[in-house]
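If you use UniProt numbering, the sequence shown corresponds to residues 1 to 889, in order.
Using N, Cα and C, we set each Cβ at its ideal position, and we do this for glycine too.
Quick caveat: nothing in here was measured; it's all calculated off a predicted structure.
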Amino acid sequence: MRNGFGLVLLITLLSCLPVQVMFCEVGWAQVVSDRQSEADRLEQLAIQQYRKGQLKESLAIFQKVLVIRKEIKSLAKEGTTLNNIGAVYDNLGQPSKALEFYQQSLAIGKLTNDRQGEGTILNNIGGVYNSLGQYAKSLDYYQQALVIIKEFSDRQAEGVILGNIGLIYRKMGQYAKAIEYYQQSLAIAKASGNRNGENTTLNNIGRVYDNLGQYSKALEYYQQSLTGRRNIGDRFGEGVTLNNIGVIYDNLGQYSKALEYYRQALLIRKEIGDRDGEGATLNNIGLVYDNLGQYPKALEYYQQVLMIVKEIGNRNYEGLSLNNIGRVYNNLGQYPKALEYYQQSLAIIQEVGDRQGEGATLSNIGTIYQGLGRYTTALEYFQKALLIRKEVGDRSGEGITLNNIGYALSSQSQTELAILFFKESVKVRESIRKDLKKLTQEEQQSFTRTVANTYRTLADRLLKQGRVTEALQVLDLLKIQELEDYLKNIKGNDITAQGVRLLEPEKAISSQLSTLSLDKIPELNLQLASQLKQLPKSEINKVPAYLQNIPQRAVLIYPLILDDRLELIVFSSGTLPNNYTIPIKKEELETLVLELRLGLRDYTSDDVKESSKKLYDLLIKPIEAELKQANADTILYAPDGLLRYIPLAALYDGKQYLVEKYRINNLIAYSLFDSDYKSFTNPRIFAGAFGGKKGEKRFGQNGLPASIPEVEHITATFPNTNKYIERDFTAKTAKEKVSGNSIVHFATHAEFRAGSPLDSYVLFGDGSKITLAEINDLPLKDTALVVLSACQTGLGSTLGTGAEILGFGYQVQRAGAKASIASLWSVSDGGTQILMQDFYQNLQKGNIATSTALRDAQLSMIRKSIKEGEVNFNHPFFWSAFVIIGNGL
């Protein structure tokens, strides 16, 4: 329940046609005139109540008006009143009733040849189908309305309908089309001086960019809308846009900022008596606390919402509010209470004909029975939900329910069927990602809670069955899903859209998933298990095409951290993937990772070798034989979770660091690996330095005096370098000048934090910033390498999942670059300068891969005894922090 102000209902207030008196008798004509006047007066009163949000009172008056219109046979005005009653039911969340009255009004409009009124009603019917999620039908009615309205040169109404068409295209995920129609609507509003329409459309364009995950652009449009609305004193619109800005920060996980905007919106909505908007914002505040796991607080807000929607009589939103309350009790483990609210919600949602809501609530009821261990009953509800969600085209909901069925079957040890349902859930999710269809906030919350766990659970079940190739595919998709959870705007490609390959026996059952007979599930699972065992090994272990191009002498390593163990999947050219199971609890592994990270950052101690050896024994020792057999010289590494915070190069076997044996190249996911390599022949370089003096604070950060000679050395090594120092090194300059450069080198502070991509940024010499969310807007299509030589990750008291590191690498690649180099912690200014000088001197030799140039620079620091005072730069603190993400081969 969010008021994004996407739909504007055109309500015919009074027909402009003159009243035709059909009878000549003076006495009767006077009666008609009096009754007509009474009806007109009452209609105006009903409209006033409607505008105040007093919908029930408005409806009662409109119904009295209708009786009079029928009594005096005022057909044209009867049509108007029927339309207005439909509009009230629409706003009361009773779409079926609204449609009934709109259709009656439309019939009269056609009978009386009221073309303009017909256009208005067609628009309103389009609005009903929009609220029912029947977007193709909604679009059809809006387009019919547009044709008619254009006949009358009613530019304001035309602008509104164009905006409504834009809304539908946005909801259908056709964002370019949505923007096209919104821009037409905006042009009409500006040309006609319709400031209110202009501000509304700016707001709606902001929502499209929100859906595209282009949050900075969305905020830009919202701010324009907010300023315009404040300038004309549009308090209602101001509340709408403040609410939408809150949604942006909410989606980004910046909950304190989201609450700040929600509370501003709430204050205005209470002030002006916008009860519907007040309920929407209270609901959003409830969702924030829900996301934060503060369930009693969430419940408090949801209860307020329920009270408001009951008061204004909005049955649809009442059903949704009851569903939200049920979800909180579900999260609290109070299943009987949750079930009570879900059942109430279901009754209302079925009453108003909200099929999409019905599917969601049936699925939620299924989760209650699953929590109670009543798996057969849970499956009954899940199946009903799945049928509805397929029927109405609710793809995200379908994915959730398939996932739920997978867990229910897994709990009953029907493993083979469970795997099939998990695969189908993954397939749905990946197809949504390919289309970049943005989920609503409620859908995001539900899906995010389940989807990453689905991938992990599926990989776990597959590995236990020895189906390693399929598990490797799942882990590849898991990396992309973790990026989605962090950045919120990840578009897949043709490879990821395929999901996980179904084996032939699975394909045979796939089409029957929503109609499986529950009592035959054990038999069907045994049958599937038997058929899978009979498959040739070559079929089960068939390597996907995208994995067949792995470079010679390179070994792909995918760790998977599970609660009770660590799994390592290893794959190299000409072989089949293998897995190695290491029995270590997740908590123990995390302790070792944190211990090593602390040791790596303490350059005064040699104790780091001890903790480094422990992790070597877990991650590398079990696969030493396979690395030797592959004659490996390169490791392609896709770390999982906290393993992203430590460099593989620093693992110690008791005699050597791993970097002394192999080149190491970190990956986001191999399915996103761009195997085309760009060489560095006479490279053009953009090089910027933060600068400053030692001990000096600039823009909250220490000065980096060595960054200036670092950049000057690059300029001396490669004459085709454009350097920008201190205040000349700005975000604006970077956006304008990086295009066409082979290498982009930022010798400056960058901070990558867990939580939100808006909290992670690159800082420039004038204090300006580019956030992680904005990096993909840099024009890097001609760039082979982006270097951040003074960044740090995992800031704060606790580490996250390392998604911020993945996020940086992905954003750089998405902008067009092949690879990036970043540091996992802030290395000393002098140490960075030495390593970077060696790195660029290595590149100057020509015909050398990025990973080789970096490795050689790291080896030089290990083997040379370079000191600064008492500090020896051969400690891994100084050289191991730098990692390559992407194609450095």
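A distance of 8 Å or more separates the beta carbons of isoleucine 561 and leucine 518. Here the region 355-363 makes contact with the region 385-400; the two share three or more CB pairs at distances below 8 Å.
Spanning the alpha carbons of tyrosine 546 and asparagine 123 requires a straight line of approximately 48 Å.
Between glycine 79 and glycine 117, the C-beta gap is smaller than 8 Å, which places the two residues in contact.
Secondary structure in the UniProt repeat "TPR" (279-312): the alpha helix (DSSP H) runs of 4 residues or longer, each lying completely within the stretch, are 295-312 in chain order.
When the Cα atoms are used, serine 153 and glutamine 48 turn out to be separated by approximately 28 Å. In the structure shown, arginine 315 falls within a helical segment according to DSSP collapsed to helix, strand and coil. Spanning the alpha carbons of isoleucine 248 and leucine 462 requires a straight line of approximately 37 Å. With distances taken between CA atoms, glutamate 260 lies nearest to Leu242 out of Asp276, Leu242, Ser820 and Gly273.
Around the beta carbon of asparagine 231, a 10 Å sphere encloses fewer than 16 other beta carbons of the protein chains shown; the residue is thus reported as exposed. If the five residues before and after alanine 706 are omitted, its C-beta is found closer than 8 Å to the C-beta atoms of Asp829, Gly830, Thr832 and Gln833, all from its own chain and listed in chain order.
Counting only runs of at least 4 residues, the region 145-193 fully encloses the following alpha helix (DSSP H) elements, listed from N- to C-terminal order: 155-171 and 175-191. Looking from the CA of lysine 769, the closest CA among Phe690, Val787, Asn741 and Gly846 belongs to Phe690.
Nearest neighbour of glutamine 143 by Cα position, chosen from Ile125, Gly133, Gln156 and Leu132, turns out to be Ile125. Within the DSSP bridge table, the entry for glutamate 751 names Tyr761 and Gln792 as partners. As the crow flies, the alpha-carbon of tyrosine 262 is around 11 Å from that of leucine 287. If you ignore the 5 residues before and after aspartate 563, its C-beta comes within less than 8 Å of the C-beta of Lys585 and Lys586, all in its own chain and listed in chain order.
According to DSSP, residue pairing for valine 786 in a beta bridge involves Val744 and Ser820.
Cβ contact annotation for tyrosine 329 (same chain, cutoff 6 Å, sequence separation greater than five): Lys337 and Ala338, in chain order. Here serine 572 is bridged, per DSSP, to Val555. Across the structure, arginine 327 and lysine 310 are spaced so that their CA atoms are roughly 19 Å apart.
By the neighbour-count definition (other C-beta atoms within 10 Å, threshold 16), methionine 836 is a buried residue. Approximately 16 Å separates the beta-carbon atoms of asparagine 251 and asparagine 203; this is outside 8 Å, ruling out the contact. Uninterrupted beta strand (DSSP E) stretches at least 3 residues long and entirely within the region 668-742 occur at 685-689 and 721-725, given in chain order.
Three or more Cβ pairs closer than 8 Å define a contact, and the region 130-144 falls short of that threshold against the region 400-409. Inter-segment contact for the region 263-279 and the region 289-301 is absent: fewer than three beta-carbon pairs are separated by less than 8 Å. The beta carbon of isoleucine 168 sits closer than 7 Å to those of Asn130, Tyr135, Ser138, Leu139 and Tyr142, all from its chain and outside the five residues before and after it, given in chain order. By alpha-carbon distance to glycine 703, the top candidate from Phe686, Thr681 and Arg727 is Arg727.
By the Cβ test, the region 654-661 is not in contact with the region 805-823, since fewer than three Cβ pairs between them sit closer than 8 Å. When Cβ pairs closer than 8 Å are counted between the two stretches, the region 680-689 is seen to touch the region 715-733, the count reaching three or more. Of all C-beta pairs linking the region 774-784 to the region 613-629, fewer than three are shorter than 8 Å, placing the two stretches out of contact.
Going by C-alpha positions, methionine 861 is about 5 Å away from asparagine 874. By the neighbour-count criterion, in which a residue is buried when 16 or more other Cβ atoms sit within 10 angstroms of its Cβ, serine 742 is buried. When only Cα atoms are considered, lysine 77 and glycine 133 end up about 31 Å apart. Nearest in C-alpha terms to serine 216, of all of Lys56, Asn284 and Leu487, is Leu487. According to DSSP, lysine 769 shares a beta bridge with Leu763.
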